[in-house]
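Chains as they are written, first to last, in my numbering: chain A, 1 to 628; chain B, 629 to 1080. For reference, the structure is listed below as structure tokens.
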Amino acid sequence: MDATLILHLILWPPLIGFLINGLFGNSIPKWAVSIIACLGPLTSFTGTVLAYKFLSGPAHDIPLYTWFIVEGSAKINFGFYIDHLAIIMLFVVTGVGSLIHAYSTGYMHDDKGYSRFMAYMNLFLFSMLLLVLGSNLVVLFAGWEGVGLCSFLLIGFWFENKEYNKAAAKAFIMNRIGDLGFLVAIFLIINKFGGIEFTSIHETLMEEGQLNDPQIALICLMLFLGVCGKSAQIPLFTWLPDAMAGPTPVSALIHAATMVTAGIYLIARMYFLFDYSPLSLNVIAITGCITALIAATIALKQNDIKKILAYSTVSQLGYMAVALGVGSYISAVFHLMTHAFFKALLFLGAGSVIHGLHGEQDISKMGGLKSKMKWTYAVMLIGTLAIVGCPPFAGFFSKDEILASVYSKNFWYFLVLAFASVFTAWYMFRLLFATFHGQFRGSEVKFEKVHESSYSMVIPLIVLALFSMFGGFAGLPELTGGEHNLYKFLVQTIAQTRFKVSHLFEYSLWGITIVALISIAYLTYRKYATSSKVVFESGNSLVSKIILNKFYLDELYLILFVNPLKKTGSWIINQFEYGVIDRLIRIPDTLIESSSIALKNLQSGKLSWYLLSTAVSILLIVLVFIYR
Amino acid sequence: MMLALIILTLAGLLILFLGFSKIRNVLLPVAIVALVAAIFSLTTQQTFWNQYLTDMVQIDGISRKISLIIMYTALGLLPFFNLFKGRGQEELSDFLGIYLFAIIGSILMVSALNYMSLFLGVEILSISMYVLAGANRRSVHSNEASLKYFITGSFTSAIMLFGIAWIYVESASLSMVQLSGAATNMMSFGFLFLFTAFALKVALVPFHFWAPDVYQGTPTLFTASMATLVKIAAIGAFYRLVQLNYAVLPDWINWYFVLLILATLILGNIQAVSQNSVKRLFAYSGIVQSGFILMGFLYQSEFVDWTMLFYFIAYASASLVGFIVIHFVETQSGSDNLDSFVGLSKSNPGLALVLTISLISLAGGPLTAGFMAKIFMLSQSIQNNFTALALVAVISAVISMYYYYKVINAIYSKSADASWSVPFYYKGLLYVFTVITLIAGLVPSFLIGLIK
């Protein structure tokens, strides 16, 4: 089949859905809105399957038309690029996207902004496809900004709530800081390579690229600044937990499965550039390590079910960043994929819990929901096992691969990630047990009202649970004697050598993992499920206080950046704007006003005065022209 | 052209006669038919360079176009005479007949080739307007306006005749085309007075004092014709007079115009700022707009003609709408004060919309005819090295925004009384004028093509 045709089939349906629902959503019935909204992602998914089946060869470059020309250097196409990496991303985006759209039709059905919500979701999906499919950095950037905008719109979806608006603004501003780095990187790339098509940059690099070229290092670091914003790495990650203000499907789709992984995708896409700058790779790895550990630590003490998952997402993104940092790009993409499955599952499961509890998000007020929500409990269990890395669930394979590849490069990174893994297991089991086991900690009346969610919500959960169970088999480690199919597939795009670790290490890693998981599960079960009075953290000791307050990072940013900026701003408006500019502007204003009132008296209404002034005027004119 | 004049004269006489014989309903149709016929005869006229009555009048490109603009403006205003119907038909027939004579005067003015016919045109127009200014016999203000207009007008005529006399003394000819080389001092002196008389007629600062008083006292529909028809006729005749004699005029005459323009733009605007009567505000607006048009007098080129004509159309279409809306608001609330316009957007959204567009156009807001007209005028000035003047003009336009937007602000202020309506045919006409304003602003090339 023709690549261009498939591209159109993938790219445009969500945009059409957005336009229809956005423009006419209020005047067509709800079931039509649902169908139109779900049709877009489903068509894109079909297109992706077609692309996987029928497109042969390593890559398809589809320059639709010349978008604009940078005078003297680069021609920028509105062009697209379908290769193996793009196809994997497309499967994640359209597959998970379709499921979450279906879920949303149930979750958001009674919201008064239903059609607006579905329109935004479609627009998001379109932007994400633009991001994934762009054949150059500018198209990618357009998508990058598009998903940022949709993220903003959807976090602040319930805009009557002022706090939610603040969270939306925070996400947007933090992302803008990163985007600035991205933009600078684009300019530097145009300057250095004279083009921004991925293929042309790659070719130029192959010909004349030098290892440790400072210019390339700068470009990479600037790109990574953009990644820090979008993929929530230290120091720009604090927006993601706040972004949980949005409806839960948004958290699942945008802030767990797809948008936040855009940064990981960007680095994987530009891996050839990063290969030339070991320095920046190290920066990425270290940042990833710190992010993974800090976020996992914070998650230990949170009580809001969505916030725990949010910090967990940040932590997992840290894992992926480390994998990228040690040059194991394919492992990062592998984890990106499995993470999309199980984290979307966990979020949607959490959404089902929140839905069932009529908006309650605090796990200290839950407990014993197992009996009431069987399906949700089952899928949440699967999701938890997948994320903690229990064999043979999806997370086990991808996480194991990241740990092994990191170990082969740098022991200290490995140690940090291992610690983070232990924390991950702890907070996830805590969440699971505190929510579903033990006694319900709310009132009886509330417990009576708890209900299982509708089929439109449960069925996507089951599909995602299946993926979380079996998704890992796409990349079996060689120890099992299986094939690493994903590696074979992606290596056609990402030319990366496979890391080597000893069999002994692999075995011991597995053994330790299983033992650690069982003991953590036991400990958390005793703490949160069996005891009649579960104690939740209140921040008595100094350490737990610091963790409970998220390392005071928000407060630190407030003191370091926000307050000084606010003060400067208010100084400018009070002193300069009102004091100087306003007064200057008022001078001609008052001058005209007062002279107008003075001149008004000339218009006395007396005819004799008019004629006199006319005669005098004539006389003056005549005199002037006689004695000129 | 002669045919047009004859048609209008006969129609005027017929209407006066019909008024005597109490035939009521045909008055307005007769006037409209006569005017349409006159427009038709002038439009279809093939030879443009005809001189009539032994060189007394000449119809050339510019005079024909100005005459047409005058007649179209008059035609646009005619249907609103229907509003007088309730007030006895003698009055209606008088107004209509006199109105047609005023049109004749205007045409004669802008196509005169001899000072005699020029003066005749001015007088026909003026005397008709004196009568119309006092049309509301029971109103003291209307009588006052008529009297003030008449006395100022006589003064103007005297100055005009004085100027003509000087020219005649020097050239021994009343022809407006002076064939000799440069004008002598005495002749220039004559021109100075003649021009000053026109400045009085057009109401340029410092000869503008009469205008706001007269405009305010006159019944609004006749104010509308004063502000559009009479003004265009006066400026048109003035322009033609300058154009015919441009070669012989002394250099310093440009400084005379610059002085008038500066005084008009600055003082006119400043006086307008503190006005509360919307009618007076429109009077000042007309004064300032004339100042803008006068910028075309400073140089002669083929572009100036259509720039001026474009300005006439932009000004006339916006101004007509403005005055007619003022008329309706005035009849509704009994006053033309700014307070009467508060809440117009709620009580009569249609009128509010057309008035807003007309005000934006007068202020020179983008997408309207006024914007393009000002742009053309300013770019002409800059091309002819009157940059400083153009700068002053821009600043004056900025000041004028203040009082135009004051009215718009009032229109869209919240409080609204009970809504009221205006018959659809009047409203439809206002929409037509507004559409002209918008078309001229959006596709100026279309209108320029028509003018050329």
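Positions of the beta carbon are idealized from the N, C-alpha and C atoms, including for glycine. Quick caveat: nothing in here was measured; it's all calculated off a predicted structure.
Over the uninterrupted beta strand (DSSP E) stretch that includes residue i, give me the two end residues.
i: N77(A); result: 74-83
i: I687(B); result: 685-687
State the start and end residues of the unbroken alpha helix (DSSP H) segment that holds residue i.
i: F505(A); result: 503-525
i: I254(A); result: Here I254(A) belongs to no alpha helix (DSSP H), and DSSP marks it neither H nor E.
i: L403(A); result: 394-409
i: I286(A); result: 278-300
i: Q233(A); result: Note, Q233(A): premise wrong, no alpha helix (DSSP H); not H, not E.
i: A862(B); result: 859-873
i: I559(A); result: Neither: I559(A) is in no alpha helix (DSSP H) and is coded neither H nor E.
i: N1037(B); result: 1015-1039
Residue i by DSSP, collapsed to three states: which one?
i: P477(A); result: coil
i: Q673(B); result: coil
i: P241(A); result: helix
i: Q316(A); result: helix
i: I28(A); result: coil
i: Q835(B); result: The sequence shown places Phe at residue 835(B), not Gln. Here F835(B) sits in coil by DSSP.
i: H60(A); result: strand
i: G327(A); result: coil
i: S905(B); result: strand
i: V949(B); result: helix
i: W426(A); result: helix
i: G809(B); result: coil
i: V1071(B); result: coil
i: A1046(B); result: coil
i: E197(A); result: strand
i: F342(A); result: helix
i: T846(B); result: coil
i: D275(A); result: coil
i: D841(B); result: helix
i: Y1081(B); result: The structure shown has nothing for residue 1081(B), since chain B only spans 629 to 1080.
i: Q883(B); result: One detail in the question is off: residue 883(B) reads as Trp in this sequence, not Gln. Helix at W883(B).
i: N136(A); result: strand
For the putative contact between residue i and residue j, defined by C-beta atoms under 8 Å, what is the C-beta separation to the nearest angstrom?
i: Q899(B); j: K600(A); result: 7 Å
i: I726(B); j: L760(B); result: 6 Å
i: G818(B); j: I792(B); result: 7 Å
i: L309(A); j: L357(A); result: Not a contact, Cβ separation roughly 16 Å.
i: L461(A); j: L558(A); result: That pair is no contact at about 38 Å.
i: S613(A); j: P834(B); result: 7 Å
i: N634(A); j: I35(A); result: In this structure chain A extends from 1 to 628, so residue 634(A) is not present and cannot be described.
Is the separation between the beta-carbon of residue i and that of residue j shorter than 8 Å?
i: D400(A); j: L553(A); result: no
i: A243(A); j: A167(A); result: yes
i: L1169(B); j: M629(B); result: Nothing about residue 1169(B) can be reported from this structure: the residues present for chain B run from 629 to 1080 only.
i: Q302(A); j: G368(A); result: no
i: V33(A); j: M118(A); result: yes
i: S468(A); j: Y103(A); result: no
i: L741(B); j: S803(B); result: yes
i: L417(A); j: Y319(A); result: yes
i: L636(B); j: I755(B); result: no
i: F78(A); j: W67(A); result: yes
i: G146(A); j: L140(A); result: no
i: Y114(A); j: C150(A); result: no
i: R908(B); j: Y843(B); result: yes
The segment 321-330 of chain A in contact with the segment 372-386 of chain A per 3-pair CB rule at 8 Å: Contact fails: fewer than three Cβ-Cβ distances are below 8 Å.
query: Does the segment 395-413 of chain A touch the segment 352-362 of chain A, meaning 3 or more C-beta pairs lie closer than 8 Å?
result: no
- request: Evaluate the contact criterion for the segment 943-950 of chain B versus the segment 887-904 of chain B: three or more CB pairs, one atom per stretch, below 8 Å.
  value: Touching, no, given that fewer than three Cβ pairs across the two stretches are closer than 8 Å.
field: Cβ contact (3+ pairs, closer than 8 Å) linking the segment 846-862 of chain B and the segment 909-923 of chain B
entry: yes
task: Could you tell me whether the segment 1060-1069 of chain B touches the segment 996-1009 of chain B, using the rule of 3 or more Cβ pairs below 8 Å?
output: yes
message: For the pair the segment 1034-1048 of chain B and the segment 977-990 of chain B, tell me if three or more CB-CB distances fall below 8 Å.
response: yes
query: Touching or not, the segment 917-928 of chain B and the segment 1003-1021 of chain B, by the rule of three or more beta carbon pairs under 8 Å?
result: yes
message: Any contact between the segment 410-424 of chain A and the segment 285-300 of chain A? By contact I mean 3 or more CB pairs, one from each, below 8 Å.
response: yes
task: Please confirm if the segment 432-450 of chain A is in contact with the segment 359-368 of chain A, defined as three or more CB-CB distances below 8 Å between the two stretches.
output: yes
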